[in-house]
Amino acid sequence: MLSLVEFQRRIAGDILHDAPQEGVDVHRGTILGALVNALRLTFPTVVKLTGTDFFDQVATEYARDNLPRSAVLYFYGDGFPDFLRDSNGARALPYLWDVARFDLKIDRAGHAALALQTQAIPIDPQLEVRLASSLTCLQVIYPVDLVRDALDAGYPKRLSDLDMTPRPRHFAIWRGPDGAAVKPIGPAAAAFLNTLLKSGAAEDALRHAMQFTCATDALAEIQTDILGSSFTRLTWSTA
Amino acid sequence: MNPRFSRNDACRSGPVSATAGIGLRLPHHRWLLEQRPAVHWLEVHPENYMTAGAQSAELEQIANDYPLSLHAVGLSLGTAGGPDLAHLERLGELVSRYEPYLVSDHLSWSAVDGTYFPDLLPLPYTDEALDVFAEGVDLTQSALKRQMLVENPSKYFPLPHAMSEADFLAELVRRTGCGVLLDINNIYVSALNCGSDPDGQMHEYLAKIPHSNIGEVHLAGHATVIGADGRQRRIDDHGAQVCGPVWRLFRHAIETLGPRPTLIEWDTRLPSFEVLQGEASVAQWILEESAPAEHLYAIAR
């Protein structure tokens with residue numbers, strides 16, 4: 254008789270390798286179905302763009318090779334956008350990778366805590382900022398926000414009206430009081446934010462931002478897109 | 325229109341009543357919060373709330389008005405290396421937050437070598453599996469500082485067991501003091517899939533497991549499919565009304581055990597909440613008809 258771990262490895266192998274053993278196919282179907290469903294929930298815009306048949310086919314291929322490490326499936330599928338980009342059928346839609354990454358960031362923000370960073374970042378001697386702890390920055394080249402909005406509104410024909418010219422676009426994405434929140438930001442603001450999130454050093458962030466535009470314009474963009482945003486809490490020192 | 329339900333109706337501070345509850349799924353949250361229908365209690369999968377997403381805040385509101393039970397699917401208590409401790413910690417946080425009346429998981433495993441399979445996979449009922457499972461239950465009950473219930477699973481193929489499922493569960497109860505969540509649809513489905521008699525299986529359960537440890541009953545529908553080999557197979561998909569033979573087994577169980585908190589589960593092809601209320605009302609009717617009324621509201625967890 255097999256030991257318990259040998260038995261479990263054998264069942265796992267039968268599930269993964271399509272063994273014809275009667276009854277294992279039921280478990281295989283349940284497992285792949287649960288994972289495909291988790292991916293559908295995380296990538297709703299991709300599902301709408303590709304249709305469920307194509308999506309389920311790619312998602313099933315992904316799930317077979319990428320089983321989760323945890324029972325909490327909300328955080329499953331980080332690698333799906335890259336898998337999608339490399340899949341044959343998806344190459345006809347060049348913007349799909351960007352859309353998938355946008356979906357993923359929005360989904361993760363929606364599950365993040367509504368909280369600020371614990372550590373304040375000094376901007377100058379009188380000013381500190383705290384950012385939303387869930388805040389991330391995404392760079393894409395297609396108007397993924399407009400694609401998602403058009404599909405959410407149920408007007409897929411409007412997609413043809415969108416300017417799909419590839420050019421850098423940046424978004425701040427975070428958990429707001431009503432769920433995930435998204436704000437388009439300029440390139441200098443994105444450079445500032447990315448550096449700030451990585452290093453927590455405002456001077457480095459500002460220097461990075463000024464590589465994209467002149468100091469005056471960079472500061473104006475940072476003021477509007479970052480310091481004036483609801484994901485930022487400013488604290489002025491009265492000393 | 326459904327009568328509105330408030331926390332005062334639910335006797336939340338007392339022991340859970342031996343009444344019919346409903347398995348709550350995410351698509352019903354909004355409706356439930358708006359309509360506040362009369363439901364004795366609700367059961368949720370804690371894995372759906374191990375996030376700071378909106379559903380967790382909604383459950384917080386729901387838990388203010390309805391008694392809750394947490395029915396886990398992710399502890400993987402039968403895994404050879406022991407249960408997922410990170411998952412147990414997450415479950416512990418939810419138990420502290422929602423103070424559920426009942427906490428349960430399954431007589432199954434879902435992970436091996438760190439890979440998680442989102443399903444309830446069958447255990448061989450051997451001495452080694454019993455040692456592993458009992459250790460997992462001990463660990464869980466110690467961490468949660470409470471008794472947990474263990475549910476009998478659905479099975480799709482026979483395994484070379486050293487003991488029967490009822491014997492395995494009875495010994496688990498003896499070693500750990502855990503409770504048993506008796507899923508009657510699972511008994512029915514497993515018996516038919518493995519070539520045994522559902523009545524005989526139910527009889528063995530009721531004969532071998534101490535009645536005082538059977539703390540909850542589950543009822544659900546299942547699908548019947550014909551395989552490529554032409555054989556009929558029952559799939560525990562929780563996607564239909566409870567079938568007649570399962571209602572009959574339920575009545576027999578309640579007549580033997582006395583009333584128990586009984587849950588209607590429905591997961592796939594989810595209908596409106598009112599359909600679930602209809603199923604729960606049938607279970608409630610059987611509970612009331614099969615047991616003295618004074619017992620209905622006085623069962624300890």
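Those protein sequence lines, which keep their order, are chains B and Y. With my numbering, the residue at position 92 of the first sequence is 345, and numbering never jumps. With my numbering, the residue at position 13 of the second sequence is 337, and numbering never jumps. Glycine included, each C-beta is placed from N, C-alpha and C at the ideal position. All of these numbers come straight from a predicted model, not from anything done at the bench.
Residue contact with chain B for alanine 564 (chain Y): absent (no Cβ-Cβ distance below 8 Å to any residue of chain B). Contact between leucine 543 (chain Y) and isoleucine 578 (chain Y) fails: their C-beta atoms lie close to 11 Å from each other, not under 8 Å.
The residue from B:Ile376, B:Asn290, B:Ala353 and B:Gln464 with its alpha-carbon nearest to that of leucine 337 (chain B) is B:Ala353.
Neighbourhood of valine 279 (chain B) in chain Y, by CB distance below 7 Å: Tyr480 and Ile559, in chain order. Contact between the region 440–456 of chain Y and the region 464–473 of chain Y is absent: fewer than 3 CB-CB pairs across the two stretches fall below 8 Å. Using a Cβ distance threshold of 8 Å, aspartate 398 (chain B) and proline 430 (chain B) do not count as a contacting pair.
Counting other Cβ atoms within 10 Å of its Cβ, tryptophan 427 (chain B) reaches 16 or more and is therefore classed as buried.
In this structure, glycine 545 (chain Y) and glutamine 565 (chain Y) form a Cβ contact; the two beta carbons are roughly 5 Å apart against a cut-off of 8 Å. Collapsing the DSSP output to three states places serine 428 (chain Y) in a strand. At a cut-off of 8 Å between beta carbons, threonine 450 (chain Y) contacts chain B. Residue burial annotation: isoleucine 550 (chain Y) is exposed, with fewer than 16 other C-beta atoms found within 10 angstroms of its C-beta. The beta carbon of proline 446 (chain Y) sits closer than 7 Å to those of Ser432, Pro477, Lys479 and Leu483, all from its chain and outside the five residues before and after it, given in chain order.
Counting only runs of 3+ residues, the beta strand (DSSP E) found wholly inside the region 426–460 of chain B occupies 432–438, in chain order.
When the Cα atoms are used, glycine 568 (chain Y) and glycine 554 (chain Y) turn out to be separated by approximately 24 Å.
Taking 8 Å as the threshold, the shortest C-beta distance from serine 420 (chain Y) to chain B does not fall below it.
Beta-bridge pairing by DSSP links tyrosine 440 (chain Y) to Y:Ala435.
Any Cβ of chain Y closer than 8 Å to the Cβ of arginine 317 (chain B) would place that residue at the interface, and such an atom is absent. Excluding sequence positions up to five before and after serine 605 (chain Y), its CB lies within less than 8 Å of the CB of Ala344, all in the same chain and listed in chain order. At a cut-off of 8 Å between beta carbons, alanine 547 (chain Y) makes no contact with chain B. DSSP places glutamate 413 (chain Y) within a helical segment (H, G or I) once states are collapsed to three.
Under a 10 Å Cβ-count criterion, tryptophan 609 (chain Y) is classified as exposed, with fewer than 16 other Cβ atoms of the shown protein chains found around its own Cβ.
By the CB criterion at 8 Å, alanine 324 (chain B) and leucine 292 (chain B) fall outside the cutoff.
At a cut-off of 8 Å between beta-carbon atoms, valine 258 (chain B) makes contact with chain Y. Contact between alanine 455 (chain B) and proline 378 (chain B) does not hold, since the beta-carbon distance rounds to 11 Å and is not under 8 Å.
For arginine 293 (chain B), the closest Cβ of chain Y is not nearer than 8 Å. Contact between the region 442–459 of chain B and the region 473–488 of chain B is present, with at least three C-beta pairs closer than 8 Å. Scanning chain B for C-beta atoms nearer than 9 Å to the C-beta of glutamate 475 (chain Y) yields nothing, as the closest lies near 16 Å away. Under the DSSP definition of a beta bridge, cysteine 502 (chain Y) lacks any partner. Annotation: Cβ neighbours of arginine 322 (chain B) in chain Y (cutoff 8 Å, chain order): Gly438, Thr439 and Tyr440.
Bounds of the beta strand (DSSP E) holding alanine 544 (chain Y) are 538–544. Proximity of proline 484 (chain Y) to chain B, defined by a Cβ-Cβ separation below 8 Å, is satisfied. Of all residues in the region 322–345 of chain B, those with a C-beta nearer than 7 Å to a C-beta of chain Y are Arg322, Ser323, Ala324, Val325, Leu326 and Tyr327, reading in chain order. The beta carbon of aspartate 360 (chain B) is closer than 6 Å to those of Thr295 in its chain, skipping five residues each way along the sequence. Annotation for aspartate 523 (chain Y): the continuous alpha helix (DSSP H) segment containing it runs 522–532. At a C-beta separation below 7 Å, isoleucine 284 (chain B) has these neighbours in chain Y: Phe441, Pro442 and Asp443.
Contact annotation: the region 303–320 of chain B touches the region 272–289 of chain B, with at least three C-beta pairs closer than 8 Å.
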